[in-house]
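Worksheet for the structure shown next.
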Amino acid sequence: AQKVTQAQTEISVVEKEDVTLDCVYETRDTTYYLFWYKQPPSGELVFLIRRNSFDEQNEISGRYSWNFQKSTSSFNFTITASQVVDSAVYFCALSEAKAGNMLTFGGGTRLMVKP
Amino acid sequence: GAGVSQSPSNKVTEKGKDVELRCDPISGHTALYWYRQSLGQGLEFLIYFQGNSAPDKSGLPSDRFSAERTGGSVSTLTIQRTQQEDSAVYLCASSLALGAGGNTIYFGEGSWLTVV
Chain A
917 AQKVTQAQTE
927 ISVVEKEDVT
937 LDCVYETRDT
947 TYYLFWYKQP
957 PSGELVFLIR
967 RNSFDEQNEI
977 SGRYSWNFQK
987 STSSFNFTIT
997 ASQVVDSAVY
1007 FCALSEAKAG
1017 NMLTFGGGTR
1027 LMVKP
Chain B
14 GAGVSQSPSN
24 KVTEKGKDVE
34 LRCDPISGHT
44 ALYWYRQSLG
54 QGLEFLIYFQ
64 GNSAPDKSGL
74 PSDRFSAERT
84 GGSVSTLTIQ
94 RTQQEDSAVY
104 LCASSLALGA
114 GGNTIYFGEG
124 SWLTVV
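Protein sequences appear in the order of chains A and B. Start counting the first sequence at 917; every next residue gets the next number (this note's numbering). Start counting the second sequence at 14; every next residue gets the next number (this note's numbering).
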């Protein structure tokens, strides 16, 4: 069965620091997809990125970057030069091709960026 | 708007009453999902609709929970005889359903349910 683990339940940093949110997953499927979502205090889950299991190329989008390593079953998320507006709960999620679009979420990491 | 729309945004109900939560997915999305997020907890899958196929109800926690989707669009999640442990945010989401999966799922802002 699939499983997503976000070991860091809460992280606190000072503005402008870099921060990495860890995500480790388990799956028996060879084709799968990994996601990151942001949940600000308003409650809505905001889609950040999707990765398929055949594409290990790291991605950078502005201050956000993602490091996908199949060898360690990890899909870590780094925020460079953090800002107060980055404060939110971040969820990593997995879907297996054979399970359609079903998402299995990690427990989330609460990031607090202090000014 | 163009996103997933949910109503009500907040609902306070007395224990034992029935509640209905509504979800209007993104236009053109054939897949619709309900998730639940209890206070301080992660996201728990409840039910999944895909087109005209029978829904995947494997996540519904008890027979007090049911959902329907009319006309392949709007969905209603019904909780009968509500209990205090039903208090949570109920999140609806939708996606295209192309290929073997991996389509991005877009979430609404949720319906905050409080059972007193």
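Just so it is clear, CB atoms sit at the ideal spot from N, CA and C, and this is done for glycine as well.
Neighbourhood of residue i by C-beta, 7 Å cutoff - its chain only, sequence neighbours within 5 removed
i	result
D1002/A	I995, L1027 and V1029
L73/B	L59 and I60
Residues near residue i in its chain [Cβ-Cβ closer than 8 Å; skip 5 each side]
i	result
R967/A	Y949, L950, F951, E975, W982, F984 and F991
L56/B	Y48, R49, Q50 and L104
Proximity test, residue i beta-carbon vs the ligand GTP heavy atom, cut-off 7 Å
i	result
E975/A	Ligands in the displayed structure: none, and consequently the ligand GTP is not present.
Close beta carbons around residue i, own chain, < 6 Å, minus the five adjacent residues each side
i	result
E33/B	T89 and T91
D37/B	S18 and V87
K70/B	I60
Environment of residue i [buried if 16+ CB atoms lie within 10 Å]
i	result
T1025/A	buried
V930/A	exposed
T863/A	In the structure as shown, chain A begins at 917 and stops at 1031. Residue 863/A is therefore absent and cannot be evaluated.
T943/A	buried
F970/A	exposed
S928/A	exposed
Q96/B	exposed
A1015/A	buried
L52/B	exposed
Residue i versus the options, residue with shortest Cα-Cα distance
i	options	result
T26/B	C105/B, R94/B, T117/B and F120/B	R94/B
G132/B	I927/A, A1013/A, K919/A and T946/A	This structure cannot settle anything about residue 132/B, because the visible part of chain B is limited to 14 through 129.
F78/B	G85/B, E98/B and Q63/B	E98/B
Q973/A	L964/A, K986/A, P1031/A and T1020/A	K986/A
G64/B	V87/B, E122/B and F120/B	V87/B
Integer Cβ distance of residue i from residue j, believed to fall under 8 Å
i	j	result
N1017/A	I39/B	The Cβ separation is near 14 Å, so there is no contact.
Within-8 Å CB hit, residue i to chain B
i	result
E960/A	yes
F970/A	no
S928/A	no
A1013/A	yes
Y949/A	yes
CB contact below 8 Å: residue i versus chain A
i	result
L56/B	yes
F62/B	no
F78/B	no
Closer than 8 Å at the beta carbon, the chain C residues around residue i
i	result
R966/A	Although the question refers to chain C, the structure presented lacks it and instead comprises the protein chains A and B.
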